[in-house]
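Residue 249 in this note's numbering is what sits at position 247 of the sequence shown, and the numbering runs on without skipping anything. First comes the structure, then the notes that go with it.
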Amino acid sequence: MKYRYLGRSGLLVSRLCLGTMTFGNKDWGCDLEGSRAIVKAFVEGGGNFIDTADAYSAGESERILAEILKDYRRDELVIATKGFFPQADAVTARGLSRKHIVEAAEASLKRLGTDYIDLYQFHGPDPFTPVEESLRAVDDLIRAGKVRYLGCSNWYGWQIARANGIAALKGYEPFVSAQHLYNLVRRDIERDVLPACAAEGVGMICWSPLAAGMLSGKYRGQNRPAEGTRHGHQASIVENRYWFDEALKLVDAVVAAADKLGKTPSQVALSWLFGDNRVTAAIIGARRVEQVAENLEAGEFDLPAEIRDELTALMPLKLGYPQEWTALNGTPSLDKGEAHPPHTVRMP
Ligand SMILES: NC(=O)c1ccc[n+]([C@@H]2O[C@H](COP(=O)([O-])OP(=O)(O)OC[C@H]3O[C@@H](n4cnc5c(N)ncnc54)[C@H](OP(=O)(O)O)[C@@H]3O)[C@@H](O)[C@H]2O)c1
């Protein structure tokens, strides 16, 4: 397993993070014993970074994780959770107000059976709460010893940059990580979120790195999700996200690259992410322990650059304006410096 610094922080995390959205999920997940086996394989494979959220299986994911954490030394693991989604009927029990953040974090601590959360993440942006209020709420939790680091998830690039600017001005703890959808099929964050994160020293933690299983190659030859699979259960979400001709062709190319390298398609798709130093970790989800065992190999395996480039080129991302303008006009006129500024995300 290789480890990367979480953004500009001094925290070293395994570049594979274990996602726990499956824990306690009755339709496409696993029970306590299945989850325990998954965590065991992950930790024995060198993983130290585990991601959950209060919203996963209505709190059951955190409760199951608490049971499993009893088997390990707490200080050797980096536990990340999130808050934002409604947790009760009260109108206040949602979003990123100070009231909800503090209550949600306290409830997560209780469910997780731990004294502190290593990484607390805002699960989504809240357009109605001033960002100063949300940042200050977590700053207080950090100073109270209940949280170590702050991250966000599903935020726009400008929101991340603005929040970290405000945090710097006010002396609050900034975001050190962002958790976003990123995989070979969906590269939207390359337009704006990834550049914003790099400029702010925010490490990217990629969710659905296998396009919820599609990049394992197991849905080849199907033109829509089959009943009974993860994709089948979540068809209303994944169909729009992943089921289009270019994506299905790309999966064929991933399978061909894997055959050439003597790897599996999942290992190739995961390793593709690590070719970008703005990425800190990929969050692998699993229903069965064999999937973790297979995916763990990507913690060590680096994809040859030419194969990475070939796969990237298969589905060119239209960056659009203003990148078009900058490519035409901006870079050539500003390119006279001795060297480009070094990357602000701390490199492994
Ligand atoms: N912040 C957010 O908004 C957000 C959103 C989504 C997820 N997440 C986080 O990201 C984690 C991962 O998301 P994800 O589950 O969508 O990730 P993913 O890695 O793209 O998909 C995982 C699913 O793919 C299948 N799979 C995994 N390895 C496989 C293999 N080697 N061969 C065949 N199938 C395999 C399994 O489903 P089946 O066996 O059922 O096919 C597994 O549940 C979550 O657990 C959660 O922590 C965060």
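For each residue, glycine too, the CB sits at the ideal point set by N, CA and C. On a predicted model such as this, the values are computed, not experimentally measured, just so you know.
Mind reading off the beta-carbon distance from G277 to A307? Whole number of angstroms is fine, and I expect it under 8 Å. For a cut-off of 8 Å, the C-beta gap from G277 to A307 is around 7 Å, short enough to register as a contact.
Determine, using beta carbons only, whether E105 and I144 come nearer to each other than 8 Å. It is not a contact, given that the beta carbons lie outside the stated cut-off.
Please go through the same chain and pick out, in chain order, the residues whose beta-carbon is closer than 6 Å to the beta-carbon of A43, but skip the five residues on each side of it. V291, V294 and A295.
Between the stretch 7-14 and the stretch 253-262, do at least 3 Cβ pairs fall closer than 8 Å? Flag = no, the stretch 7-14 and the stretch 253-262 do not touch.
I'd like to check one pair, N156 with P127: are the Cβ atoms closer than 8 Å? Contact: yes.
Are G97 and S59 touching if we call contact CB-CB under 8 Å? No, the Cβ-Cβ distance between G97 and S59 is not below 8 Å.
The beta strand (DSSP E) that contains T174, what's its start and end? A small correction: the amino acid at residue 174 is Tyr; Thr does not occupy that position in the sequence shown. In the DSSP annotation of this structure, Y174 is not part of any beta strand (DSSP E), being labelled neither H nor E.
Span separating the alpha-carbon of T131 from that of V93: Rounded to the nearest whole angstrom, the CA to CA distance from T131 to V93 is 14 Å.
For F246, count neighbouring C-beta atoms within 10 Å of its own C-beta (all shown protein chains included) and say buried if the count is 16 or more, exposed if not. F246 comes out exposed.
CA nearest to the CA of L114, picked from D53, W160 and E135: Comparing Cα-Cα distances from L114 to each of D53, W160 and E135, the minimum goes to D53.
Can you tell me whether DSSP reads L152 as helix, strand or coil? Strand, per DSSP.
Closest by C-alpha distance to H235, when choosing among V253, G31, G205 and L20: Comparing alpha carbon positions, the residue from V253, G31, G205 and L20 closest to H235 is G31.
Once the 5 residues before and after H345 are set aside, which same chain residues still bring their CB inside 7 Å of it? Below a pLDDT of 50, predicted positions are generally treated as unreliable, and H345, at 45, falls in that range; no measurement from the model is reported.
Considering Cα atoms alone, identify which of V253, I285, M206 and G173 is closest to G134. The amino acid occupying residue 134 in the given sequence is Glu; Gly does not appear at that position. The residue with the shortest Cα to Cα distance from E134 is G173.
Does the beta-carbon distance from L71 to F51 come in below 8 Å? Taking 8 Å as the Cβ cut-off, L71 and F51 do not qualify as a contacting pair.
How would you write the range of the beta strand (DSSP E) that A55 sits in, first residue to last? Judged by DSSP secondary structure, A55 falls outside any beta strand (DSSP E); it is assigned neither H nor E.
Ligand 1 heavy atoms versus the CB of R289: any closer than 7 Å? Yes, ligand 1 has a heavy atom inside 7 Å of this Cβ.
So, T282 versus S179, is the Cβ gap smaller than 8 Å? The Cβ atoms of T282 and S179 lie closer than 8 Å to each other.
So the alpha helix (DSSP H) Q224 belongs to, where does it begin and stop? Q224 -> no alpha helix (DSSP H), and no H or E assigned at all.
Is it buried or exposed for G167, if we count other Cβ within 10 angstroms and need 16 for buried? So G167 counts as exposed.
Backbone secondary structure at T328 - three-state DSSP: T328: helix per DSSP, three-state reduction.
Start-to-end residues for the beta strand (DSSP E) that takes in D120: D120 -> beta strand (DSSP E) spans I119 to F124.
Whole-angstrom Cβ separation of N242 and C208, contact assumed at under 8 Å? Rounded to whole angstroms, the Cβ separation of N242 and C208 is 19 Å, and the two are not in contact under 8 Å.
Output yes or no for whether 8 Å exceeds the beta carbon distance between E312 and Q269. Q269 is positioned such that its CB atom lies no closer than 8 Å to that of E312.
Below 8 Å between beta carbons: does that hold for A109 and H102? Result no, Cβ atoms of A109 and H102 do not sit closer than 8 Å.
Would you mind working out which of T22, D73, A315 and G203 sits nearest I286, comparing C-alpha positions? Nearest option by C-alpha distance: T22.
What number of angstroms, rounded off, separates the C-alpha of R65 from the C-alpha of A82? If you take the alpha carbons of R65 and A82, they lie about 14 Å apart.
Report back the beta-carbon spacing between Y122 and L152 to the nearest angstrom; my notes put them in contact at under 8 Å. Confirmed, about 6 Å.
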